[in-house]
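In UniProt numbering, the protein residues as written are 1 to 129. Everything on this sheet refers to the single structure shown next.
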């Protein structure tokens, strides 16, 4: 059988390869020992690892946390619609939009046309006699 002989320090002598300084591992300058910045899920606020990372409208999610706000159905990048930072499945987005006919009213926000009525009420008082 084959037996490997391991050189001892006496047999190897004081070769530069066996000197104490030769055991230092040199790393490239681009390699950093600093840990990567932790990314947090926009939904559950826990760490998102690269394999479970999903980015939609500049928000980071776990695959399991990317759900419709209305029905909690799991969404994919091709099956969602977003408004004001909230995510919906396409059927509920259309349903909620059509129920009021206005994006703002359909999602519980102040109607945009209220801004116009306040300006119209101020205009008659500004007229000079």
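Cβ atoms here follow ideal geometry from the backbone N, Cα and C, with glycine treated the same way.
Check, Outcome
"When you compare only the Cα positions, how much space is there between residue 39 and residue 66?", "15 Å"
"Take residue 82 and list the residues in its own chain whose beta-carbon comes closer than 6 Å to its own, dropping the five residues that flank it on each side.", "57"
"In three-state DSSP terms, what is residue 96?", "helix"
"Would you decide whether residue 96 is buried or exposed? Buried here means 16 or more other CB atoms lie within 10 Å of its CB.", "buried"
"Where DSSP assigns a beta bridge to residue 40, which residues make up the other side?", "47"
"By the three-class DSSP mapping on this structure, what secondary structure does residue 74 have?", "strand"
"Ignore the nearest five residues each way along the sequence and tell me which others in residue 42's own chain have a CB closer than 7 Å to its CB.", "59, 60 and 61"
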